[in-house]
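Encoded as structure tokens, the structure appears first; notes follow it.
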Amino acid sequence: MLGSVSSRRRSPSGPPHLGVRALTALVAVLACVGLSACSAPTATAPAAATATPPGDPAQDPALARFYGQQLQWGPCTDYAASPDVADQYRDPRYQCAKLEAPLDYAQPDGKTVKIAVMRSKATDQANRIGSLLLNPGGPGVSGTQLVPATVKSTENSPVQARFDLVGFDPRGVGVSEPSIDCLTDAEQDQYRATVYSDPSPAGVAALEAHNKEYADRCTARMGADVLAHLGTREVVKDLDVLRAALGDEKLTYYGYSYGTSVGSTYAEAFPTRVRAMVLDGAVDPTQDTVETNIDQSAGFQQAFDAYGAWCTTQPNCPLGTDPKAVTATWQKIVQPLIDNPARTSDPTRTLSFSDAITGVQQALYLRSLWPALSLGISKLAAGDGSVLLTLADFYYKRVNGQYDNSLEAFQAITCMDNVRITDPAQVAKLNEGVVGAAPFTATGRGAVNAKDPCAFWPVPPTLEPHRPQADGLAPVVVVSVTGDPATPYQAGVDLAEDLNGRLLKVEGNQHTAGYQGNACIDDKLTAYLVDGTLPDEGAQCVLPAQ
């Protein structure tokens, strides 16, 4: 994305129900800004298996102290990654601890990291199954934040009664130690406000210098040794240590968005240790960096077109009445921001072209934000960028001028999980493909074919595209939404096939679907998580239009 440090999008707040928990406040803010009133067959999960994966780290005597550690549970007051969620962490229902793990599993006697963990204990302890480990995605989103959201969304559900709900901040994320910190708040503001739209050799050189500067700052402030061990390869090993420290023989797991990558990678590393696993909003591990970015961009364009089709049926749609013309109309509204950013209600800030695109993309994750998006576009057309800036701030987790570290962690983890794109032909294929797949993001001046920050990262990636192999894996469930903008539907179809799992198809327009108030979906997932009962072959659910 122009003006940002990476072209690949992440889930802005994990699964939408994390966003929904903040949605009431966000809509109130947007209204305030907009009104200018305020500054098949079923199967059960198999019994415990005795086999262990080859090279299983749990069998390494040098790692015994990590696998055998006892978590020291206490209050969660100091575990909030962002001040806007601090009140939730004071709730006495929640307990927190730090899990210790090696920075480098090949050197268990060397440096260590500490993983922040939160739990809400099962309400029916007499019939407790174990722990349900939760990951909200990103990468880079704090997993402890998912616990209060899941407690609320599973109220009176057997999931909450039978499982300890456990969230964790993956290494480098949130309040885990060390926590990725590459930019100051002021530098983050500057990066967002800077737009690179010049496709000439000089423009490409300027953007590459910008991206190299980011990589250099990250290296100087964090150290190459830390950056080298932030990828999903290490996260799944931490997850297995956490499973053992929680006292669970097998893992029960729910991963959203990027959390599906953690889940599928864990399934490959420890296939016989999985009791049950839900992968919601799948990342396709077979795709390379170019394919992933282009497909994701196409997903956002599909979501923008769906929004446009809805908007043009509403009174006073800012994009007109012709659904085929909404992208062109939007381009006429947003492209002037490249040279002339829009004023906002904050006299110290303007709305850049980059932030306008980010604000739109944030709203595309949830259909319930479409009215706010229409308000933002209407205001922008009248010269006021306040609403779209608020949406962009929500994406970037900017609260009262301060940022959490989710975007910095996203960049660092992405660089370790993706093949580097340095060949000029591949760079052009990526950047031109992204613009071609999502013309609503286009500057109108052509793609800037610059290498991204990962091309300048000081250490090589630790994952590469591959078809997952997980012999002995228990049946898993993959949830995929037909109109998901960030993780396209087909990725879920493919991942379910690759893992010999069961697909739950969801008709609708949002990113991920489980435990967000839809009984059709939630009942099927609860039956699976609690009893091992798979959804019927060909099972489908529908999200209602809002």
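Okay, so the sequence shown: first residue is 58 according to this note's numbering, each after it adds one. Each residue gets a CB set at the ideal place from its N, CA and C atoms; glycine is no exception.
Comparing the CB of residue i with every heavy atom of the ligand SAM, is any distance shorter than 6 Å?
| i | result |
| --- | --- |
| Asp541 | In the structure shown, the ligand SAM is absent, as is every other ligand, since no ligand is present at all. |
Taking the alpha-carbon of residue i as reference, which of the options has the nearest alpha-carbon?
| i | options | result |
| --- | --- | --- |
| His267 | Ala154, Asp509, Ala527 | Asp509 |
| Pro515 | Tyr162, Arg274, Asn488 | Arg274 |
| Ala576 | His568, Gln567, Asp588, Val563 | Val563 |
| Thr180 | Gln164, Val208, Asp226 | Val208 |
| Asp305 | Thr369, Ala324, Arg185, Asp282 | Arg185 |
| Ala507 | Ala494, Glu521, Ala482 | Ala482 |
| Gln127 | Thr471, Glu157, Val599 | Glu157 |
| Ile414 | Gly458, Ala495, Lys381 | Ala495 |
| Pro522 | Val536, Val476, Glu489 | Val476 |
| Leu203 | Tyr136, Gln597, Ser254 | Tyr136 |
| His609 | Met473, Thr370, Asp593 | This structure leaves residue 609 out entirely; the chain is present only between 58 and 603. |
| Val536 | Leu303, Gly125, Glu212, Met334 | Met334 |
| Tyr310 | Gln392, Leu190, Leu303, Asp221 | Leu190 |
| Val292 | Ala281, Ala399, Ile172 | Ile172 |
| Gly312 | Gly574, His568, Leu520, Gly501 | His568 |
| Pro132 | Thr405, Gly125, Arg147 | Arg147 |
Taking the Cβ atom as the reference point for each residue, do residue i and residue j lie within a distance shorter than 7 Å?
| i | j | result |
| --- | --- | --- |
| Glu48 | Cys239 | Nothing can be reported for residue 48, as the shown portion of the chain is limited to 58 through 603. |
| Arg332 | Lys307 | yes |
| Pro532 | Leu591 | yes |
| Pro256 | Val484 | no |
| Ala499 | Val491 | no |
| Ser425 | Pro375 | no |
| Gly224 | Gly187 | no |
| Phe361 | Phe497 | yes |
| Ser354 | Gly194 | no |
| Ala301 | Leu530 | no |
| Gly365 | Val383 | yes |
| Ile470 | Pro196 | yes |
| Ile395 | Leu437 | no |
| Gly571 | Leu582 | yes |
| Gly288 | Asn192 | no |
| Val198 | Ser431 | no |
| Asn566 | Ala363 | yes |
| Arg249 | Val170 | no |
Apply the 10 Å Cβ neighbour rule to residue i and answer buried if 16 or more other Cβ atoms are within range, or exposed otherwise.
| i | result |
| --- | --- |
| Asp166 | exposed |
| Gln6 | Past the boundaries of the shown model lies residue 6; the chain is included only from 58 to 603, so the question cannot be answered. |
| Thr101 | For Thr101, the predicted structure reports a pLDDT of 32, less than 50, and the residue's modelled location is therefore unreliable. The matter cannot be settled from this model. |
| Val319 | buried |
| Pro118 | exposed |
| Asp25 | Absent from the structure is residue 25, since the part of the chain shown begins at 58 and ends at 603. |
| Gln245 | buried |
| Arg524 | exposed |
| Asn397 | exposed |
| Gln129 | exposed |
| Asp441 | buried |
| Pro601 | exposed |
| Gly558 | buried |
| Arg122 | exposed |
| Arg66 | Below a pLDDT of 50, predicted positions are generally treated as unreliable, and Arg66, at 41, falls in that range; no measurement from the model is reported. |
| Lys168 | exposed |
| Gln145 | buried |
| Pro342 | buried |
| Gly458 | exposed |
| Tyr453 | buried |
| Gly540 | buried |
| Thr599 | At residue 599 the sequence reads Val, which differs from the Thr that was named. Exposed, because fewer than 16 other Cβ atoms sit within 10 Å of the Cβ of Val599. |
| Ala105 | Only weak support exists for where Ala105 lies, its pLDDT of 31 falling under 50; the value from the coordinates is given anyway. So Ala105 counts as exposed. |
| Gln164 | exposed |
| Ala97 | In this prediction, Ala97 scores a pLDDT of 31, lower than 50, which makes its location untrustworthy; no coordinate-derived value is stated. |
Along the beta strand (DSSP E) that carries residue i, what are the first and last residues, could you check?
| i | result |
| --- | --- |
| Pro159 | 151-159 |
| Phe220 | 220-226 |
| Lys171 | 169-177 |
| Asp337 | 331-337 |
| Glu489 | No beta strand (DSSP E) holds Glu489; the alpha helix (DSSP H) holding it covers 481-494. |
| Gln597 | 597-599 |
| Leu189 | 187-192 |
In the DSSP assignment, find the unbroken alpha helix (DSSP H) run with residue i in it and report its ends.
| i | result |
| --- | --- |
| Ser463 | 463-474 |
| Gln388 | 383-391 |
| Gly365 | 346-368 |
| Gly312 | No alpha helix (DSSP H) contains Gly312, which is instead part of the beta strand (DSSP E) from 308-313. |
| Leu586 | 576-588 |
| Ser537 | Element bounds for Ser537: not the alpha helix (DSSP H) but the beta strand (DSSP E), 534-538. |
Output yes if chain B places a C-beta closer than 7 Å to the C-beta of residue i; else output no.
| i | result |
| --- | --- |
| Ala143 | No chain B is present in this structure, which holds just one protein chain. |
Three or more C-beta pairs closer than 8 Å, one from the region 226-236 and one from the region 250-262: is that the case here?
No, because fewer than three Cβ pairs between the region 226-236 and the region 250-262 fall closer than 8 Å, the two stretches do not touch.
Kindly confirm or deny that the region 138-153 and the region 176-196 touch, where touching means at least three C-beta pairs closer than 8 Å.
The way I'd put it, the region 138-153 does touch the region 176-196; three or more beta-carbon pairs between them come closer than 8 Å.
Segment contact, 8 Å Cβ cut-off, at least three pairs: the region 275-283 with the region 206-219:
Judged by Cβ distances under 8 Å, the region 275-283 makes no contact with the region 206-219, as fewer than three pairs qualify.
Across the region 409-418 and the region 441-454, are there enough close Cβ pairs to call them in contact, namely three or more that are closer than 8 Å?
Taking 8 Å as the limit for Cβ pairs, the verdict is that the region 441-454 does touch the region 409-418.
So does the region 348-357 actually touch the region 532-552, counting three or more Cβ pairs closer than 8 Å?
They touch, by the three-pair rule.
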